[in-house]
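Residue numbers (the working numbering): 62 to 217.
Using N, Cα and C, we set each Cβ at its ideal position, and we do this for glycine too.
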Amino acid sequence: RAELAITDSGWTGMSELSLAGEQIDLLFGEETLYVPEAAELPVHTGLVLQSERGKALGRVTAEGNVRLVRGDREAFGIHGRSAEQRIALDLLLDSDVGIVSLGGRAGTGKSALALCAGLEAVLERRQHKKVMVFRPLYAVGGQELGYLPGSEAEKM
């Protein structure tokens, strides 16, 4: 059955839109903006918004609006360096989003962002009582369970 799994759908969770400079200004002023092209995209799609005046980041809300994603947002001392990391951190810190699934190559910061967002929610904001980290039962991505020190029982 594993051979039936789609390993690369081509969907990155990000999209680019061109807006007028006045729309970008309005987005920075109001923090949300209705953009018809964005309303057609899946909820929580990350957006790189471009205009003749510059760029901005946003994401699609459940109502079909574009919500501004500020680049200076941080969690437990870290901040996103790329557009994708900034969108991911915004999603991870949003208490209205129940589950966030992050995908990408090794070393792109998925685990670090998720852990820092969890620590921020527990230790700084006191929104939750604890952080639970789960590891896969079977080897994922070609790494054997013996990759890290310790027995199999200690790793489970």
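Collapsing the DSSP output to three states places residue 160 in coil. When C-alpha distances from residue 155 are compared across 190, 105, 124 and 184, the shortest belongs to 105. In the DSSP annotation of this structure, the continuous segment of the beta strand (DSSP E) that includes residue 128 starts and ends at 126-130. Unbroken alpha helix (DSSP H) runs of no fewer than 4 residues, entirely contained in the stretch 70-158, are found at 82-91, 97-100 and 144-154, following chain order. Taking a 10 Å sphere around the C-beta of residue 145, we find 16 or more other C-beta atoms and assign the residue as buried. Non-local beta-carbon contacts of residue 74 in its own chain, meaning distances under 7 angstroms to residues more than five positions away in sequence, involve 106 and 107 in chain order. Under the DSSP assignment, residue 174 falls in the alpha helix (DSSP H) whose first and last residues are 171-180. The C-alpha of residue 114 lies about 40 angstroms from the C-alpha of residue 189. Looking only at 89, 140 and 194, the smallest Cα-Cα distance to residue 116 is reached by 89.
C-alpha of residue 82 to C-alpha of residue 112: approximately 5 angstroms in a straight line.
Excluding sequence positions up to five before and after residue 125, its CB lies within less than 6 angstroms of the CB of 100, all in the same chain and listed in chain order. The Cβ-Cβ distance between residue 149 and residue 110 does not fall below 8 angstroms.
Within the same chain, 105, 106, 107, 108, 127, 128, 130, 148, 151 and 152 come within 8 angstroms of residue 120 by CB-CB distance, once the 5 residues on both sides are set aside.
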